[in-house]
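First to last, the sequence lines map onto chains A and W.
The first sequence begins at 11 in the numbering used here and counts up by one.
The second sequence begins at 11 in the numbering used here and counts up by one.
Each residue gets a CB set at the ideal place from its N, CA and C atoms; glycine is no exception.
Step one of this worksheet: look at the structure below.
Protein chains: 2
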Amino acid sequence: MSLPLEVPTRQLIVQKFGGSSVADAAGIKRVAQRVVDTQRAGNEVVVVVSAMGDTTDELLDLAGEVAESAPAREMDMLLSAGERISMALLAMAINGLGAHAQSFTGSQAGMITDGIHGKARIIDVDPHRVRTALDKGNIAIVAGFQGMSRESNDITTLGRGGSDTTAVALAAALNADVCEIYTDVDGVYTADPRVVASAKKIDTISSEEMLELAASGAKILHLRCVEYARRFGVPLHVRSSFSQHEGTWVLPSPEDKSTVSEGVALEQPIISGVAHDRSEAKVTVVGVPDIPGKAAEIFQVIADAHSNIDMIVQNVSTHGRGATDISFTLPIVEGADALTALKAAQDRIGFEDIEYNAEIGKLSLIGAGMRSHPGVSATFFRALSDAGINIDMISTSEIRISVVTRADLLDDAVRAIHSAFGLDAETEATVYGGTGR
Amino acid sequence: MSLPLEVPTRQLIVQKFGGSSVADAAGIKRVAQRVVDTQRAGNEVVVVVSAMGDTTDELLDLAGEVAESAPAREMDMLLSAGERISMALLAMAINGLGAHAQSFTGSQAGMITDGIHGKARIIDVDPHRVRTALDKGNIAIVAGFQGMSRESNDITTLGRGGSDTTAVALAAALNADVCEIYTDVDGVYTADPRVVASAKKIDTISSEEMLELAASGAKILHLRCVEYARRFGVPLHVRSSFSQHEGTWVLPSPEDKSTVSEGVALEQPIISGVAHDRSEAKVTVVGVPDIPGKAAEIFQVIADAHSNIDMIVQNVSTHGRGATDISFTLPIVEGADALTALKAAQDRIGFEDIEYNAEIGKLSLIGAGMRSHPGVSATFFRALSDAGINIDMISTSEIRISVVTRADLLDDAVRAIHSAFGLDAETEATVYGGTGR
Chain A
11 MSLPLEVPTR QLIVQKFGGS SVADAAGIKR VAQRVVDTQR AGNEVVVVVS
61 AMGDTTDELL DLAGEVAESA PAREMDMLLS AGERISMALL AMAINGLGAH
111 AQSFTGSQAG MITDGIHGKA RIIDVDPHRV RTALDKGNIA IVAGFQGMSR
161 ESNDITTLGR GGSDTTAVAL AAALNADVCE IYTDVDGVYT ADPRVVASAK
211 KIDTISSEEM LELAASGAKI LHLRCVEYAR RFGVPLHVRS SFSQHEGTWV
261 LPSPEDKSTV SEGVALEQPI ISGVAHDRSE AKVTVVGVPD IPGKAAEIFQ
311 VIADAHSNID MIVQNVSTHG RGATDISFTL PIVEGADALT ALKAAQDRIG
361 FEDIEYNAEI GKLSLIGAGM RSHPGVSATF FRALSDAGIN IDMISTSEIR
411 ISVVTRADLL DDAVRAIHSA FGLDAETEAT VYGGTGR
Chain W
11 MSLPLEVPTR QLIVQKFGGS SVADAAGIKR VAQRVVDTQR AGNEVVVVVS
61 AMGDTTDELL DLAGEVAESA PAREMDMLLS AGERISMALL AMAINGLGAH
111 AQSFTGSQAG MITDGIHGKA RIIDVDPHRV RTALDKGNIA IVAGFQGMSR
161 ESNDITTLGR GGSDTTAVAL AAALNADVCE IYTDVDGVYT ADPRVVASAK
211 KIDTISSEEM LELAASGAKI LHLRCVEYAR RFGVPLHVRS SFSQHEGTWV
261 LPSPEDKSTV SEGVALEQPI ISGVAHDRSE AKVTVVGVPD IPGKAAEIFQ
311 VIADAHSNID MIVQNVSTHG RGATDISFTL PIVEGADALT ALKAAQDRIG
361 FEDIEYNAEI GKLSLIGAGM RSHPGVSATF FRALSDAGIN IDMISTSEIR
411 ISVVTRADLL DDAVRAIHSA FGLDAETEAT VYGGTGR
């Protein structure tokens with residue numbers, strides 16, 4: 011009697027490592043070993059790297075020393091040196107382990123972007139040089155965060171979340187089997203483990219839910235990378251560069267969940283997780299004339315100041331007939347500009363006053379299952395009420411409920427909601443270092 | 011009576027700054043000011059920069075930490091990050107002064123090379139992006155030392171003297187009026203001012219003589235850059251980045267000397283200067299069979315070991331009939347490989363022994379005027395004899411006499427020759443810091 015031989019499937023795997031994973035020579039060598047192990051297990055491997063640990067900050071410091079402000083084109087030229095260093099060193103470390111690696115800049119890897127320096131968008135990916143390197147049996151290392159402008163052929167950078175987006179875009183263009191995002195935690199958790207010690211790692215989550223989690227302040231994956239993965243159907247695997255454990259699979263459509271692991275239940279859980287965010291402030295425009303078009307005028311002023319509004323609430327009038335209050339949240343960093351713009355428009359729009367509060371927190375409960383479970387809202391608000399937490403603003407989508415509370419009550423609120431939906435694990439989560447770009 | 015207005019001619023000037031000139035933010039800002047001043051005087055300016063001071067060494071250290079040896083392709087990718095940083099910072103500093111600058115990598119500036127990583131040769135220059143930047147009134151900053159391989163599109167570096175060569179190649183391709191090489195001394199001196207305190211700055215020198223000076227160990231300009239400038243007729247102006255003084259003009263043909271300054275005498279001086287070199291060692295192959303072809307066999311062995319032979323002397327036989335000694339000099343760094351190769355071929359070639367001596371120095375006297383002044387050799391050897399210095403080897407060209415002496419007598423020899431040919435100045439030369447790549 012003979013056992014059937016299990017033939018491992020050859021996969022094309024894109025692995026992305028952030029700046030904290032390649033912060034020094036030891037980190038680079040550890041990453042190199044993991045990459046080589048992945049290839050030796052029979053896979054094709056493309057690696058996307060960020061700049062080493064503090065490189066970006068050091069370059070920004072130098073820029074600040076030579077001039078008060080810098081042209082965006084030159085800033086991109088400067089910052090793109092960071093990945094050039096880390097990717098060449100990683101290629102050397104891989105070669106030192108007896109495997110073969112070639113590094114490619116964003117431009118060489120065919121990352122074609124628009125011309126908006128500092129936050130360019132990818133408009134095309136032509137990875138033929140990467141494909142050729144793989145065909146020759148090489149590991150391809152690609153600089154994250156950077157590309158080349160189609161119009162000007164100038165070097166661009168992709169802005170926040172850029173390296174994750176590079177990895178997903180390459181995975182889509184190469185038709186990769188998976189895009190692995192290495193980070194300093196084991197995966198995506200049902201809540202931030204630093205706030206909720208009993209938070210559980212999520213094994214699989216739909217990209218729709220992950221999108222809501224990312225938009226709601228979960229820092230582990232950037233919104234933009236999740237959007238890209240969802241649009242192009244790229245399975246993401248978020249995992250730790252410090253362990254060999256399976257992390258969290260973020261899957262383009264719910265049906266795909268069953269393909270990952272036989273052990274995963276086919277039925278979705280009602281709730282995926284709880285996200286929180288302290289980076290927003292609340293603006294209340296008081297005494298807005300109750301005339302059609304006034305709200306539009308206000309939001310046009312904010313848009314012209316390039317601020318991104320998140321939640322909006324138009325209060326019931328408390329000023330007698332003819333006036334109302336409009337509250338909204340926006341990133342704290344954009345608060346000053348928005349207030350200046352609003353004050354300049356006060357006479358024209360005709361409102362009475364502006365109130366500004368940066369001491370707020372936002373809590374979001376996310377779960378695709380809540381679509382068909384009408385009891386979720388009731389449980390949610392009862393839990394907050396039982397914990398003595400007042401709610402300032404509410405906004406909902408089909409798979410999300412978000413509320414704004416006082417900042418100092420936010421952690422209590424997150425723990426209360428996490429428990430109320432039965433998300434608590436029996437063991438505590440492990441948390442490692444910081445995050446890169 | 012009215013004086014004629016002097017209209018300054020608009021020139022295209024290529025300025026090259028080494029790593030010590032841009033070692034820190036203060037240096038970059040000082041260079042920026044000089045570049046902007048040059049543009050505001052009515053000129054078009056292209057700037058070639060090396061990596062900042064210690065950047066290259068720091069990158070090499072990192073490479074040594076991640077792997078014992080590195081593929082040459084990846085080493086070039088790594089090292090080319092150095093100029094990317096310095097050029098972007100210089101562009102920022104220039105923009106901070108109210109002028110407009112754009113930086114270009116070697117590849118963007120059209121520096122096309124062969125594929126020999128680490129010591130690539132320029133095979134074509136297509137500076138159309140640099141030309142466009144100038145046409146828009148911008149200052150163009152170009153990364154020195156780097157290019158792109160025509161065959162593979164990979165990043166290459168040009169090796170020693172690379173940034174100077176980039177500058178001259180760009181100057182030739184753009185038909186520039188002058189290529190200014192900024193360094194830490196005021197120009198080319200009649201001897202190394204650290205050895206001969208009374209050395210004089212040379213105002214003009216032919217590229218033919220400069221070539222001999224560079225080949226004879228004068229470190230101020232790399233042989234390769236002078237060769238390139240001579241071939242393409244590019245006037246070089248070697249000057250200090252710490253002063254506004256005129257430096258040394260290196261002119262493609264002697265007739266051009268008169269175009270530079272009316273004050274320069276049209277008649278050439280007999281002697282340009284004295285160079286010295288401690289970087290070579292002497293190898294003597296003892297007891298070589300006096301049969302035709304044996305010398306060729308020896309030099310083929312050395313060539314196969316990739317060593318560059320400088321001086322060669324075949325001694326009068328002192329071994330009785332049938333055998334002779336052959337001595338030659340080569341760079342000390344290539345000595346070990348050459349000896350290994352020779353020993354391996356000893357039985358085949360049939361020589362008796364090898365002697366190796368790294369304690370030698372080479373002194374060279376250079377002057378295009380010595381062609382027509384037969385008394386030069388006599389004065390030269392009498393001066394050495396009067397100073398009590400024994401001569402080990404002699405080699406000559408039409409415009410050069412070189413001798414090998416004991417290393418510890420070299421400085422005395424340089425001073426004796428410098429005085430004997432009346433090169434001593436009345437005031438002492440000023441010497442500044444170190445040199446870049």
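Item	Value
Between W:S251, W:R83, W:E222 and W:K229, which has its C-alpha nearest R240 of chain W's C-alpha?	W:E222
Along the chain, where does the alpha helix (DSSP H) that runs through Y199 of chain W open and close?	It is not in any alpha helix (DSSP H) - Y199 of chain W carries neither H nor E in the DSSP assignment.
Please report whether the beta-carbon of S129 of chain W lies at a distance below 9 Å from any beta-carbon of chain A.	According to the sequence provided, residue 129 of chain W is Lys. The question's Ser does not apply to it. No, no contact with chain A.
Helix, strand or coil, according to DSSP, for L72 of chain A in the structure here?	helix
Contact between the stretch 116-126 of chain A and the stretch 163-171 of chain A: three or more CB pairs below 8 Å?	yes
Can you grab the Cα-Cα spacing for the pair G283 of chain A / H428 of chain A, in whole Å?	8 Å
Starting from K353 of chain W, trace the alpha helix (DSSP H) in both directions and tell me its first and last residue.	G345 to A354
How would you label I370 of chain W, buried or exposed, when you count the other beta carbons within 10 angstroms and need 16 or more for buried?	buried
Between the Cα of D300 of chain W and those of W:A333, W:G345 and W:E93, spot the shortest distance and give me the residue it belongs to.	W:A333
Examine chain A for any beta-carbon lying closer than 9 Å to the beta-carbon of V76 of chain W, and answer yes or no.	yes
Compare the C-beta of S382 of chain A against all C-beta atoms of chain W and say whether one is closer than 9 Å.	no
What does I281 of chain A pair with, by DSSP beta-bridge criteria?	Answer by DSSP bridge pairing: none, since I281 of chain A is not bridged.
Between M102 of chain A and chain W, is there a C-beta pair that is closer than 9 Å?	yes
Starting from the N-terminal side, write out each stretch of the alpha helix (DSSP H) that is 4 residues or longer and does not extend beyond the stretch 362-438 of chain A.	386-396 and 420-430
Fully enclosed by the stretch 169-253 of chain A, which alpha helix (DSSP H) runs are 4 residues long or longer?	172-183, 217-225 and 233-242
Can a CB atom of chain A be found closer than 9 Å to the CB of R447 of chain W?	Here the model assigns R447 of chain W a pLDDT of 49, short of 50, so the residue's position is not dependable, and the following value carries that caveat. R447 of chain W does not count as touching chain A.
Can you name the residues of chain W whose CB is closer than 9 Å to the CB of P81 of chain A?	A101, M102, N105, H110, A111 and Q112
Just tell me which of A:S405, A:V293, A:S382 and A:L375 has its CA closest to the CA of D347 of chain A.	A:V293
Rounded to the nearest angstrom, how far is the Cβ of A153 of chain A from that of R94 of chain A, given a contact under 8 Å?	6 Å
Use the C-beta contact count for E2 of chain W: other C-beta atoms within 10 angstroms, 16 or more gives buried, fewer gives exposed.	Residue 2 of chain W is absent from the structure shown; chain W starts at 11 and stops at 447.
Along the chain, where does the beta strand (DSSP E) that runs through G157 of chain A open and close?	Q156 to S159
Could you give the residue range of the beta strand (DSSP E) that holds A150 of chain A?	I149 to A153
How long is the line joining the alpha carbons of S250 of chain A and I319 of chain W, rounded to whole angstroms?	56 Å
Quick check: L246 of chain A and V178 of chain A, are their CB atoms within less than 9 Å of each other?	yes
Give every residue of the same chain whose Cβ lies closer than 6 Å to the Cβ of D396 of chain A, excluding the five residues on either side of it in the sequence, and list them in chain order.	none
By the three-class DSSP mapping on this structure, what secondary structure does S337 of chain W have?	strand
Taking only runs of the alpha helix (DSSP H) that begin and end inside the stretch 71-121 of chain A, which ones reach a length of at least 4 residues, in chain order?	82-106
State the CB to CB distance for the pair L89 of chain A and I38 of chain A, rounded to an integer number of angstroms; the pair is presumed to be in contact (CB under 8 Å).	Wrong, their Cβ atoms sit about 19 Å apart, outside the cutoff.
Chain W partners of R94 of chain A, CB-CB under 8 Å?	M87, L88, S90, A91 and R94
Below 7 Å between beta carbons is the criterion; list the residues of the stretch 22-35 of chain A that meet it against any residue of chain C, in chain order.	Reference to chain C is not applicable here, since the protein chains of this structure are A and W.
Kindly list, in the order they appear in chain A, the residues whose Cβ is closer than 8 Å to that of L72 of chain W.	A35, I95 and L99
If you measure from the beta carbon of T167 of chain A to each beta carbon in chain W, is any gap under 9 Å?	no
In angstroms with no decimal places, state the Cα-to-Cα distance between S527 of chain A and I411 of chain A.	Examination of residue 527 of chain A is not possible in this model, given that chain A is present from 11 through 447 alone.
Can you pull the chain W neighbours of K39 of chain A, defined as C-beta to C-beta under 9 Å?	E75, V76 and A77
Tell me whether the beta-carbon of I132 of chain A lies closer than 9 Å to the beta-carbon of T176 of chain A.	yes
Would you check if there are 3 or more beta carbon pairs closer than 8 Å linking the stretch 399-411 of chain A to the stretch 203-223 of chain A?	yes
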